[in-house]
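Engineer: What follows is a single structure, and I will ask about it in a moment.
In the working numbering, the protein residues as written are 293 to 376.
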């Protein structure tokens, strides 16, 4: 079923998440991880590897994916919170 994209399809997951809770979020909202990754501009396998624990999201695309998955805090939000 390729219905219209919902706002959840393209929205980052709420922080904080664990890989297990992020997987549960996809299941409970009925969202395909591959479609979500594409909407985020991320490689599907990077997202899958983060959720399986194969990647830690330390730098590059893995870091951006970890932030979008809610596995890591958004550094921009941390900077603004510290500056305030």
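By construction, the Cβ of each residue, glycine as well, lies at the ideal position given by its N, Cα and C atoms.
Which first and last residues belong to the alpha helix (DSSP H) in which residue 352 is found?
Structural biologist: Its alpha helix (DSSP H) spans residues 352-360.
Engineer: For residue 325, which residues from the same chain have a beta carbon less than 8 angstroms from its beta carbon, with the 5 sequence-adjacent residues on both sides left out?
Structural biologist: For residue 325, where only same-chain residues beyond five positions count, the Cβ hits under 8 angstroms are 318, 336, 339, 340, 343.
Engineer: What do you reckon, are the CB atoms on residue 347 and residue 314 nearer than 8 angstroms?
Structural biologist: No. Outside cutoff.
Engineer: Find out if the Cβ-Cβ distance for the pair residue 311, residue 363 is shorter than 8 angstroms.
Structural biologist: Yes, the pair counts as a contact, with Cβ atoms nearer than the cut-off.
Engineer: In or out: residue 368 buried (at least 16 other Cβ within 10 Å) or exposed?
Structural biologist: With fewer than 16 other Cβ atoms within 10 Å, it is exposed.
Engineer: Could you pull the start and end residues of the alpha helix (DSSP H) that residue 344 belongs to?
Structural biologist: Its alpha helix (DSSP H) spans residues 336-344.
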